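Protein chains in written order, with full-length UniProt numbering: chain H, 1 to 255; chain L, 1 to 255.
Have a look at the structure below, then the notes.
Protein chains: 2
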Amino acid sequence: MEENAGSILQNGGALFLPGLSVDCVIFGFHDNQLKVLLLKMRHAEKWALPGGFIYKEEEVEHAAVRVLQSRTGLSNIFLRQFHTFGELSRTDKLLNKKLLVSSGLQADENHWFLQRFVTVGYYALVNFSGAVPRPDATSEACAWWDLQEVPPLNLDHGDILQKALETLRKQLSDQPVGYSLLPEKFTMPELQRLYETILGKQLDRRNFQRRMLGYGILKRLEERRSGGAHKAPYLYCFDTDRYQDALLNGLQQKW
Amino acid sequence: MEENAGSILQNGGALFLPGLSVDCVIFGFHDNQLKVLLLKMRHAEKWALPGGFIYKEEEVEHAAVRVLQSRTGLSNIFLRQFHTFGELSRTDKLLNKKLLVSSGLQADENHWFLQRFVTVGYYALVNFSGAVPRPDATSEACAWWDLQEVPPLNLDHGDILQKALETLRKQLSDQPVGYSLLPEKFTMPELQRLYETILGKQLDRRNFQRRMLGYGILKRLEERRSGGAHKAPYLYCFDTDRYQDALLNGLQQKW
DNA sequence: CCAAAAGTGTTGAGTCTACACCCATGC
DNA sequence: GCATGGGTGTAGACTCAACACTTTTGG
């Protein structure tokens, strides 16, 4: 699947749907911080969201899965389409030209890579420790960034990230989160930190616990997390059946 | 803007973004029924959602606005992107070939119109009485359908409609609805019927009224709707400032 | 034994639901 | 005057936020 940059750029026109791409906002959670996986393209000044093109005979969603897989090594992950970005301003012809030229290709005006691109945005929630960030052929770096410290991004990628975060926040009250972000076993305070960083807000310990348990998607284990200072907290894991059900039907229905 | 079918099909490759379209789920409200605007393409057996292509130098959202404008005569309308459909199965090459041939064009395998299309779905809420359904050059009919009576639709348009409705329902508890669906002045029972048909569920008259008034987006007028049998209900209109604010910030914030 | 974190319970405010009652209108 | 729909009020259930007390652990 990984081909060298030159061959992708050269044959892209024959391989991919023209003018359409996917971009992935990949969230992870580590050290009580929400992280985003970013990519530094060669010749680019700014970092960017990992993205990719769609093969002519490939489902759009599958292209997103593929990007995720190739940047993190992970498959079978929480992935949601959240918006499609079709503004006119969202193509950086100069950068793309540089990429072509540096690959020894003709930067013909009609080259597929220099056309206007519409991109379908997906966000993913992945297990930070399980993911191994790896750059692709056209990028020189691939790394996790603290959400707070994300640098100015390429093109409209900042907006895309913002929209992903907004969507995630909105869905938080109706959709369970954490299964793929946290390790299999986790404590209630850890889950709370996750919610707090996503929401950017402190929550009450006791009310949080009640609410979460009320959803009925958690199983408390017999074990406790010992070793840390202070009282050892219980470990929990998700009840996968109920979790799936909550994903499908939502956590609370109104009306 | 309206060109004849043949010229569109012939020149489309030069005019439009390849492989990308927009489809609009246009909702109206009349006779206490939620309606959807559907189109019957020539040579097609099934009805379809009104859709269109995106000019090479046009924002995707603007293409949706254009479709809306050209099918209903309305502009400045509530319009929301809800999902992009990128499944492989969603192109009907046979039908498209027929359309080409019937326009006297070569149905070359490479013709832009015969490629796979990804479509961006928008839904719109429009004033039924203000809209004048009009077919375009490639369609033989354009009409409102009762949501309950929608026939089997072309391709995945049934799924698209379903997803639009689902999105609308979900947003109903967080987003005001009705401004563009109802006439300028309306009664509380009328507004309630609207909510009930969207949700497919009966609501309590008194609680509904309290909730709506609680949102603070309605202004009660001095007038009443007389003429009908029974007690004359008050007329209301939306407080546009507060309505806009609610659209932006939501009706209720959690956490 | 003390500080800090975790487990659990309670209370009061506010919200939502399910009602009952009265008023207006056409027949 | 009566059936029907519309305007308004209220009691009880329920939910949620704010808070206190106890327990455990390392130092």
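Even for Gly, the Cβ is constructed at its ideal location relative to N, Cα and C.
On a predicted model such as this, the values are computed, not experimentally measured, just so you know.
DSSP lists L:Phe27, L:Phe78 as the bridge partner or partners of leucine 125 (chain L). Taking the Cα positions, leucine 199 (chain H) is about 18 Å away from aspartate 174 (chain L). Taking one beta carbon from each stretch, the region 190-198 of chain L and the region 58-78 of chain L have fewer than 3 pairs nearer than 8 Å; the two do not touch. Bridge partners of lysine 35 (chain H) according to DSSP: H:Gly28, H:Asp146. Residue burial annotation: glycine 121 (chain H) is buried, with at least 16 other C-beta atoms found within 10 angstroms of its C-beta. Contact between the region 136-156 of chain H and the region 31-45 of chain H is present: three or more C-beta pairs spanning the two stretches fall below 8 Å. Under the 8 Å criterion on CB atoms, glycine 13 (chain L) is classed as non-interfacial with respect to chain H.
Where arginine 90 (chain H) is concerned, there is no enclosing beta strand (DSSP E), because DSSP gives it neither an H nor an E. Contact with chain H is found for glycine 19 (chain L), since one of that chain's Cβ atoms lies less than 8 Å from the residue's Cβ. Along the length of the region 39-63 of chain L, whole beta strand (DSSP E) runs at least 3 residues long occupy 51-55, reported in chain order. The DSSP-derived three-state label of tyrosine 195 (chain L) is helix. By the Cβ-count criterion, tyrosine 123 (chain H) is buried, with 16 or more other Cβ atoms from all chains shown falling within 10 Å of its own Cβ.
The DSSP assignment places 157-172, 188-199 as complete runs of the alpha helix (DSSP H) inside the region 151-203 of chain L, in order along the chain (cut-off: 4 residues). For arginine 224 (chain H), the uninterrupted beta strand (DSSP E) segment begins and ends at 218-224. Leaving aside the five residues that flank leucine 20 (chain H) on each side, the residues in its chain whose CB is nearer than 8 Å to its CB run, in chain order, Phe53, Ile54, Val60, Phe117, Val118, Thr119, Val120.
Between proline 176 (chain L) and tyrosine 236 (chain L) a beta carbon distance of about 13 Å is seen, past the 8 Å cut, so the two are scored as non-contacting. By the CB criterion at 8 Å, glycine 73 (chain H) and valine 25 (chain H) fall outside the cutoff.
Using a CB distance cut-off of 8 Å, glutamine 81 (chain L) counts as an interface residue toward chain H.
With contacts defined as CB atoms closer than 8 Å, leucine 147 (chain H) and lysine 46 (chain H) fail to qualify as a contacting pair. Spanning the alpha carbons of glutamine 69 (chain H) and proline 18 (chain H) requires a straight line of approximately 22 Å. Residue burial is scored here from C-beta neighbours: serine 226 (chain H) has fewer than 16 other C-beta atoms within 10 angstroms and is therefore classed as exposed. Non-local C-beta neighbours of proline 189 (chain H) in its own chain, meaning closer than 8 Å and more than five positions away in sequence, comprise Arg205, Pro233, ordered along the chain. In this structure alanine 48 (chain L) is buried. Its beta-carbon is surrounded by 16 or more other beta-carbon atoms within 10 angstroms. Closer than 8 Å to the CB of arginine 224 (chain H) there is not a single CB belonging to chain L. Beta-carbon to beta-carbon, threonine 84 (chain H) and threonine 91 (chain L) are separated by about 18 Å, too far to satisfy the 8 Å threshold.
Annotation: glutamine 171 (chain L) to leucine 247 (chain L) spans about 10 Å, alpha carbon to alpha carbon. Taking all protein chains shown into account, serine 180 (chain H) has 16 or more neighbouring C-beta atoms within 10 Å of its C-beta and is therefore buried.
Residues of chain L with a Cβ closer than 8 Å to the Cβ of lysine 56 (chain H) are, in chain order, Arg116.
When 8 Å is used as the limit between beta carbons, threonine 84 (chain L) is near these residues of chain H: Val60, Gln81, Thr84, Val120, in chain order. Annotation: glutamate 166 (chain H) has no Cβ neighbours in chain L at a cutoff of 8 Å; minimum Cβ distance is about 11 Å.
Taking the beta carbon of leucine 88 (chain L) as reference, the chain H residues within 7 Å of it are Glu57, Glu59, listed in sequence order.
Under the three-state reduction of DSSP output, leucine 114 (chain H) falls in the helix class. Bridge partners of serine 21 (chain H) according to DSSP: H:Phe53, H:Thr119. Under the Cβ criterion (8 Å, minimum of three pairs), the region 94-112 of chain H does not count as touching the region 151-159 of chain L.
Cβ atoms of valine 22 (chain L) and alanine 63 (chain L) come within 8 Å of each other, at about 5 Å.
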